Amino acid sequence: QKEVEQDPGPLSVPEGAIVSLNCTYSNSAFQYFMWYRQYSRKGPELLMYTYSSGNKEDGRFTAQVDKSSKYISLFIRDSQPSDSATYLCATGGSQGNLIFGKGTKLSVKP
Amino acid sequence: GAVVSQHPSRVICKSGTSVKIECRSLDFQATTMFWYRQFPKKSLMLMATSNEGSKATYEQGVEKDKFLINHASLTLSTLTVTSAHPEDSSFYICSAARDRAYEQYFGPGTRLTVT
């Protein structure tokens, strides 16, 4: 069983739509949950992270963790063409041993 | 803040040669640096974790004699792929963390092609 599952997409939405990106994970010991954005042929950019369960909001982005179902989500409000990228979820412990999902490719059409 | 650079961005080498990739944290001191490998349409895979002045910790299945990691200072880590083979061709990405190892900032990556 893979440790972090993420639908690779591609996901195509019109500009202004609300985007929902999701991952599931298997290791209940994971405490940190990250979301990265990666443009083609570039390194991942840290968007936000949460510790344990709950929500975290940063501008148009909201990260949500449900540890009971081992489900993590990223919501993007008022999506823009510049949000088009691959979004990677990752989970791990305090030592930094992050396990990544494969990434979901998002395309926001003007 | 939290800018990480990598050099070179792209390298082509012949089978059997060695290649060194540098990772630098430009505006902060990184207590921990990480090296990842990413194959097309695959997850980022952690190869090793290094702390300044200490030996790197390698993930299971990663050959430490093939992938030499040196973390000489709080702003520089190097990965040397020794005796490279075509199957080592991949996208190698480093990340650096200040005081929280899970809060990692990634470099732009190095595309290695072994012919």
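Top line first, the protein sequences correspond to chains A and B.
With the working numbering as the guide, the letters of the first sequence map in order to residues 1 to 110.
With the working numbering as the guide, the letters of the second sequence map in order to residues 1001 to 1115.
Using N, Cα and C, we set each Cβ at its ideal position, and we do this for glycine too.
In this text the structure is predicted, and so the values were computed from the model without any measurement.
P1108 of chain B - DSSP class collapsed to helix/strand/coil: Within the second sequence, residue 1108 of chain B is the residue found at index 108, counting from 1. Here P1108 of chain B sits in coil by DSSP.
Would the beta-carbon of T91 of chain A fall within 9 Å of that of L98 of chain A? Stepping through the first sequence from its first residue, residue 91 of chain A is reached at position 91. Stepping through the first sequence from its first residue, residue 98 of chain A is reached at position 98. Contact flag set, yes.
Could you confirm whether any beta carbon from chain B is found closer than 9 Å to the beta carbon of Q64 of chain A? Residue numbering aside, residue 64 of chain A sits at position 64 when the first sequence is read from its first letter. Answer no: the Cβ-Cβ gap between Q64 of chain A and chain B never drops below 9 Å.
When you compare only the Cα positions, how much space is there between D1027 of chain B and S1077 of chain B? Counted from its first residue, the second sequence places residue 1027 of chain B at position 27. Counted from its first residue, the second sequence places residue 1077 of chain B at position 77. In this structure, the straight-line span from the alpha carbon of D1027 of chain B to that of S1077 of chain B is close to 15 Å.
Under a CB-based cut-off of 9 Å, is S61 of chain A close to chain B? On the first sequence, position 61 is the one that residue 61 of chain A refers to. Note that residue 61 of chain A is Phe in the sequence shown here, rather than Ser. Answer no: the Cβ-Cβ gap between F61 of chain A and chain B never drops below 9 Å.
Identified DSSP bridge partners for V19 of chain A: One-based indexing of the first sequence puts residue 19 of chain A at position 19. Its beta-bridge partners are A:I76.
Three-state secondary structure (DSSP) of P44 of chain A: Here residue 44 of chain A refers to the residue found at position 44 of the first sequence. The answer is coil: DSSP assigns P44 of chain A none of H, G, I, E or B.
Within the stretch 1026-1106 of chain B, ranges of the beta strand (DSSP E) (whole runs, at least 3 residues): Taking only runs of at least 3 residues, the beta strand (DSSP E) segments lying wholly in the stretch 1026-1106 of chain B are 1032-1038, 1044-1051, 1067-1073, 1076-1081, 1090-1097, 1104-1106.
Compute the Euclidean distance between the alpha carbons of F1034 of chain B and R1111 of chain B, then round it to the nearest angstrom. Locating residue 1034 of chain B in the second sequence gives position 34, counting from the first residue. Locating residue 1111 of chain B in the second sequence gives position 111, counting from the first residue. So the alpha carbons of these two residues sit roughly 17 Å apart.
Residues in its own chain within less than 7 Å of A1101 of chain B by CB, not counting five upstream and five downstream? Along the second sequence, read from residue 1 onward, the residue named residue 1101 of chain B stands at position 101. Here the set comprises T1032.
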